[in-house]
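Protein sequence lines, in the order shown, are assigned to chains U and B.
Just so we're aligned, residue 188 is where the first sequence starts under this note's numbering, counting upward by one.
Just so we're aligned, residue 6 is where the second sequence starts under this note's numbering, counting upward by one.
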Amino acid sequence: MSAKADIIAETGLQFFGKISASISHELKNVMAIVNENAGLLEDLTAMAEQGRPLDPARLKLMAAAVQKQVGRADKILNSMNRFAHTIDATVAEVDLNQTIELFMALTDRFILMRGIKVDLQLPDQPLKIPTAPYFLINLLWLCLDFAMSASGDDKQVRLEVEKTEDSIRIRFRQLEGLTEVLLKTFPSGRENSLLAVLEAALAAEPERREIVLRLPRSGL
Amino acid sequence: MFAKVLLVDDEKDFLDIMAERMGARGMDVSTTTSAETALKMVQTESYDVVIMDFLMPEMDGFRALKLFKETRPDVQIILLTANVPEEKCIEAIKLGAMDVIEKPADLNLLTQKIEEAKARKLK
């Protein structure tokens with residue numbers, strides 16, 4: 188394998204591991220709440236056996252709490268399933284809006300942990316492009332991760348998607364902490380290898396406080 | 006005397022039900038979803054034990070642990086968390102955590118740990 192292919196394989200595996208770990212963490216949180224509801228049901232049953240009547244309203248609340256967590260787990264697993272299938276084909280036609288929404292769902296927890304607010308602006312119409320979906324999501328994460336580091340004290344990132352004649356521009360804006368010093372480490376070999384696979388380009392514009400990812404609308 | 010417990014977790018639904026179950030076991034339970042608020046609460050109140058999620062928004066678990074221990078060296082801290090690699094658990098114990106318990110947890114086990122924490126604090 189070439190050095191570039193090695194980097195892509197390593198970066199891709201690391202990203203898969205990161206997302207899998209996050210999903211397992213989220214599902215454990217869901218299970219913990221379901222487990223406590225089961226525990227509370229046991230507590231109430233034990234009290235009922237000692238003569239304290241069961242309160243139907245309390246039981247209804249517990250059922251609703253469990254249903255809420257089942258719905259949450261279902262969403263997490265749907266995202267996980269869609270993510271897993273992004274590796275099915277190296278290149279596929281995707282609706283970029285849907286891909287970015289999936290990306291946001293997968294990385295939501297990382298964004299929350301960093302205390303950053305991401306304002307997402309997607310076009311009203313579907314944006315179909317041929318791309319390598321898995322690598323695109325991987326690259327979007329690396330860009331967002333960098334953008335969050337460059338968000339400064341504002342802790343906000345605006346993510347905008349625009350269509351031009353021959354490309355799609357994904358802009359990470361409002362990066363108040365974006366400096367030339369930060370840009371010495373970005374893009375690194377990981378990002379450059381993924382950019383090459385996607386035939387994409389990345390431009391940093393510190394004076395405009397943004398980085399712009401350009402994806403081709405055709406080809407690949 | 007029952008244990009005075011501060012529960013810290015960004016999962017509000019989890020906090021509420023844990024507090025209800027622990028309260029029914031006679032514990033005096035306070036809750037917060039924010040590690041920063043928890044730190045303030047520890048400064049003004051004396052808790053026997055702080056039960057804290059390791060991965061919380063705004064504050065890394067190691068940093069929170071250090072700050073809690075600096076503020077109240079006698080406070081016992083149990084980390085209750087979904088998934089933490091073993092090396093991080095060891096690091097947390099080195100930094101002064103009394104124990105690390107994985108979610109979903111057995112409340113009977115947690116109650117034992119709370120009693121142990123209270124006894125340690127009284128020493």
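Every residue, glycine too, gets a C-beta built ideally from N, C-alpha and C.
When you compare the CB positions of residue i and residue j, do they come within less than 7 Å of one another, or not?
i, j, result
"F359(U)", "A387(U)", "no"
"D353(U)", "K315(U)", "no"
"A102(B)", "V54(B)", "no"
"L241(U)", "L248(U)", "no"
"P313(U)", "A279(U)", "no"
"I106(B)", "E223(U)", "no"
"R296(U)", "S209(U)", "yes"
"A391(U)", "L362(U)", "no"
"L307(U)", "A337(U)", "no"
"L346(U)", "V384(U)", "no"
"S189(U)", "N88(B)", "no"
"L72(B)", "L44(B)", "yes"
"I355(U)", "L309(U)", "no"
"I263(U)", "E213(U)", "yes"
For chain B, check one thing: does any of its Cβ atoms lie closer than 7 Å to the Cβ of residue i?
i, result
"A219(U)", "yes"
"G258(U)", "no"
"L293(U)", "no"
"G226(U)", "yes"
"K304(U)", "no"
"N182(U)", "Coverage of chain U is limited to positions 188 through 407, which leaves residue 182(U) absent and any answer about it impossible."
"K342(U)", "no"
"K215(U)", "yes"
Starting from residue i, follow the beta strand (DSSP E) in both directions and report where the run begins and ends.
i, result
"R259(U)", "Not the beta strand (DSSP E): R259(U) falls in the alpha helix (DSSP H), residues P243 to H272."
"I320(U)", "The sequence shown places Pro at residue 320(U), not Ile. Unbroken run through P320(U) is the alpha helix (DSSP H), P320 to S336; no beta strand (DSSP E)."
"F373(U)", "Careful: F373(U) lies outside any beta strand (DSSP E) and carries neither H nor E."
"M291(U)", "Where M291(U) is concerned, there is no enclosing beta strand (DSSP E), although the alpha helix (DSSP H) it sits in stretches over L283 to R301."
"R68(B)", "Taken as a continuous stretch (DSSP letters only), R68(B) belongs to no beta strand (DSSP E), being part of the alpha helix (DSSP H) at G66 to T76."
"A102(B)", "Per DSSP, A102(B) belongs to no beta strand (DSSP E) and is neither H nor E."
"T277(U)", "Careful: T277(U) lies outside any beta strand (DSSP E) and carries neither H nor E."
"L115(B)", "Unbroken run through L115(B) is the alpha helix (DSSP H), L112 to L127; no beta strand (DSSP E)."
So residue i contacts chain U; which residues on that side make the cut at Cβ distance below 9 Å?
i, result
"F67(B)", "Under the 9 Å cutoff, chain U gives no residues; its nearest Cβ is about 14 Å from F67(B)."
Strictly below 8 Å CB to CB, what residues from chain B border residue i?
i, result
"K247(U)", "Chain B residues near K247(U): none, gap ~15 Å exceeds 8 Å."
"A252(U)", "D18 and I22"
"A208(U)", "N88"
Using a Cβ cut-off of 7 Å (strictly closer), state whether residue i contacts chain U.
i, result
"E16(B)", "yes"
"N2(B)", "No information on residue 2(B) is available, as it lies outside the stretch 6 to 128 that chain B covers here."
"P90(B)", "no"
"E63(B)", "yes"
"A87(B)", "yes"
"K108(B)", "yes"
So which residues on chain U does residue i lean against when the C-beta distance must stay under 8 Å?
i, result
"L60(B)", "H212 and M300"
Which residues in chain B sit within 9 Å of residue i, going by Cβ to Cβ distance?
i, result
"G238(U)", "What G238(U) touches in chain B: nothing, since even the nearest Cβ is about 16 Å away."
Which residues in chain B have a C-beta closer than 7 Å to the C-beta of residue i? List them in chain order.
i, result
"E223(U)", "F19, I22, M23 and R26"
"D230(U)", "R26 and A29"
Would you give the residue range spanned by the alpha helix (DSSP H) that residue i belongs to?
i, result
"A225(U)", "A190 to E236"
"V384(U)", "G376 to L385"
"E25(B)", "K17 to A29"
"T49(B)", "A40 to T49"
"K9(B)", "That residue, K9(B), is in no alpha helix (DSSP H); its beta strand (DSSP E) goes K9 to V13."
"Q214(B)", "The first residue shown for chain B is 6 and the last is 128, placing residue 214(B) beyond what the model contains."
Evaluate the contact criterion for the stretch 213 to 230 of chain U versus the stretch 108 to 118 of chain B: three or more CB pairs, one atom per stretch, below 8 Å. In this structure the stretch 213 to 230 of chain U touches the stretch 108 to 118 of chain B; the number of beta carbon pairs closer than 8 Å is three or more.
Three or more beta-carbon pairs under 8 Å between the stretch 370 to 381 of chain U and the stretch 19 to 35 of chain B, yes or no? At 8 Å Cβ cutoff, the stretches do not touch.
Pairing CB atoms from the stretch 31 to 51 of chain B with CB atoms from the stretch 393 to 400 of chain U, are three or more of them under 8 Å? No contact exists between the stretch 31 to 51 of chain B and the stretch 393 to 400 of chain U.
Does the stretch 291 to 302 of chain U touch the stretch 51 to 68 of chain B, meaning 3 or more C-beta pairs lie closer than 8 Å? With the cut-off at 8 Å, the stretch 51 to 68 of chain B and the stretch 291 to 302 of chain U touch.
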